[in-house]
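Encoded as structure tokens, the structure appears first; notes follow it.
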Amino acid sequence: MHPGIAQGIGAAVAKALAVRGLTVAVAKTVERVEHELGAIDYLVNVAGLLYTGGAIDAGDEDWMQSFAVNTHGVFFLTRAAARRDRDRRFQRGLDPARMGMAATAQYIRCLGLELAEYGIRCNLVSPGSTDTEMQRHYWRNGDGSAEQIIRGSLEKHRLGIPPRKLAQPDDIARTVLFLLSDAAGHVTMQDLVVDGGAMLG
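Per my numbering, numbering through the sequence shown is continuous, rising by one, with the last residue being 201.
As structure tokens, then:
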């Protein structure tokens, strides 16, 4: 089950999952998905909003919308899926949802600890600057450019991107596929940062 696949990273992840022969579904309720498509084998949350204003200048609507998508949406969908799948030993859980949000990150870690005994793994994928329409829209509004992001800015305390390029949505999708694979069978409660070293660890 995979909400947030309209464009950008979400679309790339959906395509990568489909190539593996997995059913990618967007649905309002887990029950509807299971009724129409069968039991959920994987849950991937990738819906997210990008807000670039400061905490002081953020409006009430900005705050509520950000948490509604980045945190509440993740919580309600994941809880619904986990409750139904806990008893049949759900195998893998992955959450690359707007990936850096502290509340979501901590929630996924706590959930991973709680569900580990059922064989459920919970991880995050945190992409850095990625060549998506959302990112390009941000630049069109006068908030920097790809070149500035790559180069970095001492004044803005931005380190830049050492490989000198933005991530592509497929870079994130391949990371998701790794975490869903048996190769990552012992990886849980981790935040895998895919930013070209921009955060320097």
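By construction, the Cβ of each residue, glycine as well, lies at the ideal position given by its N, Cα and C atoms.
- CA-to-CA, the gap between C122 and P162 works out to about 29 Å.
- Under the three-state reduction of DSSP, S126 is assigned to strand.
- G128 places its beta carbon less than 8 Å from that of V194.
- As DSSP reads the structure, A167 sits in a beta bridge with T130.
- When secondary structure is reduced to three states using DSSP, V44 falls in the strand class.
- Taking all protein chains in view, the Cβ of D85 is crowded by 16 or more other Cβ atoms within 10 Å, so the residue is classified as buried.
- Residue pairing by DSSP places D191 opposite L124 in a beta bridge.
- In summary, G196 is buried, with 16 or more beta-carbon neighbours lying within 10 Å of its beta-carbon over all protein chains present.
- Under the three-state reduction of DSSP, I149 is assigned to helix.
- In this chain, E117 is not harboured by any alpha helix (DSSP H), its DSSP state being neither H nor E.
- Where V69 is concerned, there is no enclosing alpha helix (DSSP H), because DSSP gives it neither an H nor an E.
- The C-alpha of R83 lies about 14 Å from the C-alpha of V33.
- Membership of L37 in the alpha helix (DSSP H) is indicated by the continuous run V30 to L37.
- In the three-state reduction of the DSSP assignment, I172 falls in the helix class.
- Distance check between R79 and each of W63, E61 and C110 places C110 closest, using alpha-carbon atoms only.
- For D57, the secondary structure class from DSSP, reduced to helix, strand or coil, is coil.
- Looking at the backbone, the Cα of Q106 and that of D62 are separated by about 21 Å.
- Taking each of T104, D191 and R136 in turn and checking the Cα distance to Q168, the smallest one comes out for R136.
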